[in-house]
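Residue numbers (the working numbering): 1429 to 1701.
The C-beta atom is built at its ideal place from N, Cα and C for all residues, glycine as well.
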Amino acid sequence: MLYLSRRVDFSATHVYNVAAWSSEKNESIFGRCNNRNGHGHDYKLEVMVKGRLNWESGIVVNTTDIKNIVNDFIKKELDGKFLNREHPYFMKNVPTSENMVDYIWAFLKNKFEGCELHRIRLFENHYLSAIRESDSLTCLTRKYHFCAAHRLHSDQLSTEENIDLFGKCNNPHGHGHNYYLDVTVKGKPHPETGMIINLTELDTIVERVVLNKFDHKHLNLDTAEFANLNPTAEAVAMVIYNMLAPHLPGLHKIGLWETEKNYFEYCGQDDDE
Ligand SMILES: [Zn+2]
Ligand SMILES: [Zn+2]
């Protein structure tokens, strides 16, 4: 099977509001997103299709066809619109990223000939994206940031072995990184709020459980988690997953960017622990 992806950008305005609720409740659940005059985003939409190679033409599907179908849809329905006021579906359903990705999935699902829709990913901004893949549940990924120092060193290896394996990262004084943490939750958007999880709650949990502990710290010296565990990025990803899992029932995946070049992912498989 081959996978092809096409990106389309658009801008739209929205507001998070449930008409049946009081303004106090709307404000407390949706925070700033509840501003009735609306706020906007430059969305990036990735549409991925899958199919088999046509040996005669050397293509799976003509990407111009994909482009035209997606562009027509975006132009007609979403680009430049105030979603809550102009789009029939989002007049009734809160235009959260989760609801939007599900709507786009349902619309595009049977529109392509010669290939099958595989995945829709919608970035609201650099820090928030929603994914719908095949017929599985919707995922929401929120990006967080922390800075920390660490030293790669294993007490179970000799000095020479540590230097051989970790090189300059074994510097006894440590060194630091700008870590970016992708927290992905999976679930069904709530029928009333359109959210898999309340973003303010998610932020509070990640802040309390992870960021307050690790941000601007020396992982080896300042945290109990790495007092006896070498804080490699893979270990940090796994530890963060295990720290968050009890607080986030829908936790699906932790992605950790140690640098822009090094990325690590952990989904909590039992056999890895
Ligand atoms: Zn927004
Ligand atoms: Zn490092």
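Whole angstroms are fine: how far does the CA of residue j sit from the CA of residue i?
i: Glu-1701; j: Lys-1520; result: Legend: pLDDT at Glu-1701 = 48, less than 50; position of this residue unreliable, value from coordinates given subsequently. Rounded to whole angstroms, Glu-1701 to Lys-1520 spans 44 Å at the Cα level.
i: Ile-1591; j: Ile-1559; result: 41 Å
i: Ile-1420; j: Trp-1533; result: With the chain represented from 1429 up to 1701, any question about residue 1420 goes unanswered, as that position is not in the structure.
i: Ala-1655; j: Tyr-1694; result: 21 Å
i: His-1581; j: Gly-1615; result: 38 Å
i: Arg-1460; j: Glu-1452; result: 12 Å
i: Pro-1516; j: Leu-1627; result: 25 Å
i: Asn-1496; j: Glu-1505; result: 14 Å
i: Val-1498; j: Thr-1491; result: 11 Å
i: Tyr-1572; j: Glu-1484; result: 47 Å
i: Cys-1736; j: Ile-1624; result: Residue coverage of the chain in this structure runs from 1429 to 1701, which leaves residue 1736 outside it and unanswerable.
i: Ile-1502; j: Ala-1577; result: 44 Å
i: Asn-1512; j: Ser-1450; result: 18 Å
i: His-1605; j: Met-1666; result: 17 Å
i: His-1646; j: Asn-1463; result: 40 Å
i: Asn-1690; j: Gly-1696; result: 20 Å
i: Val-1446; j: Asn-1454; result: 7 Å
i: Asp-1650; j: Glu-1629; result: 26 Å
DSSP state of residue i, grouped into three classes?
i: Val-1613; result: strand
i: Met-1623; result: coil
i: Glu-1662; result: helix
i: Asn-1606; result: strand
i: Ser-1564; result: coil
i: Cys-1575; result: strand
i: Tyr-1555; result: coil
i: Leu-1649; result: helix
i: Trp-1449; result: coil
i: Thr-1491; result: helix
i: Thr-1569; result: strand
i: Glu-1701; result: Per-residue confidence for Glu-1701 stands at a pLDDT of 48, beneath the threshold of 50, marking its modelled position as unreliable; no derived number is given.
i: Tyr-1531; result: helix
i: Thr-1524; result: coil
i: Arg-1708; result: Since the first residue shown for the chain is 1429 and the last is 1701, residue 1708 is missing from the structure and cannot be characterised.
i: Met-1476; result: strand
i: Thr-1687; result: coil
i: Phe-1594; result: helix
i: Leu-1639; result: helix
i: Leu-1545; result: strand
i: Glu-1589; result: helix
With residue i and residue j assumed to form a contact (beta carbons below 8 Å), what rounded beta-carbon distance in angstroms separates them?
i: Ile-1633; j: Leu-1676; result: 6 Å
i: Glu-1541; j: Lys-1478; result: About 13 Å; that fails the 8 Å criterion.
i: Arg-1579; j: Asn-1599; result: 7 Å
i: Phe-1574; j: Asp-1643; result: 4 Å
i: Val-1522; j: Tyr-1444; result: 5 Å
i: Asn-1527; j: Pro-1617; result: 5 Å
i: Val-1638; j: Gly-1678; result: Not quite, the Cβ-Cβ distance comes to about 16 Å (not below 8 Å), so this is no contact.
i: Ile-1457; j: Thr-1621; result: 7 Å
Name the residue from the options whose alpha carbon lies nearest to the alpha carbon of residue i.
i: Lys-1537; options: Glu-1662, His-1605 and Ser-1562; result: Ser-1562
i: His-1554; options: Tyr-1694, His-1515 and Leu-1473; result: Leu-1473
i: Met-1476; options: Ser-1450, Leu-1432 and Trp-1483; result: Leu-1432
i: Leu-1556; options: Glu-1588, Tyr-1608 and Val-1446; result: Tyr-1608
i: Asp-1507; options: Asp-1470, Thr-1660 and Trp-1533; result: Asp-1470
i: Asn-1603; options: Thr-1660, Thr-1621 and Val-1488; result: It should be noted that the sequence gives His, not Asn, for residue 1603. Closest option to His-1603, Cα to Cα, is Thr-1660.
i: Asp-1610; options: Pro-1619, Asp-1631, His-1442 and Asp-1493; result: Asp-1631
i: Met-1429; options: His-1546, Pro-1674 and Leu-1672; result: His-1546
i: Asp-1500; options: His-1680, Phe-1438, Asn-1512 and Leu-1585; result: Phe-1438
i: Gln-1584; options: Leu-1672, Ile-1494, Asn-1496 and Leu-1657; result: Leu-1657
i: Arg-1636; options: Met-1671, Ala-1576, Ile-1502 and Asn-1482; result: Met-1671
i: Pro-1619; options: Phe-1518, Ala-1663 and Lys-1509; result: Phe-1518
i: Ser-1525; options: Arg-1513, Leu-1550 and Arg-1480; result: Leu-1550
i: Asn-1465; options: Thr-1441, Glu-1455 and Ala-1663; result: Thr-1441
i: Lys-1539; options: Asn-1482, Asn-1606, Val-1489 and Thr-1566; result: Val-1489
i: His-1467; options: Leu-1481, Phe-1510, Ser-1450 and Ala-1447; result: Phe-1510
i: Thr-1687; options: His-1601, Glu-1662 and His-1680; result: Glu-1662
i: Glu-1552; options: Ile-1494, Val-1436, Lys-1641 and Asn-1482; result: Val-1436
i: His-1680; options: Ser-1564, Lys-1596, Ile-1494 and Phe-1594; result: Ser-1564
Tell me whether residue i, by its Cβ, gets closer than 6 Å to a heavy atom of ligand 4.
i: Cys-1461; result: The ligand content of the structure shown is limited to ligand 1 and ligand 2, which means ligand 4 is not among them.
Does residue i come within less than 7 Å of chain C when only Cβ atoms are used?
i: Thr-1587; result: Among the protein chains of the structure shown there is no chain C, as only one such chain exists.
Those residues, in chain order, that have a beta-carbon closer than 6 Å to some heavy atom of ligand 2: His-1578, Cys-1597, His-1603 and His-1605
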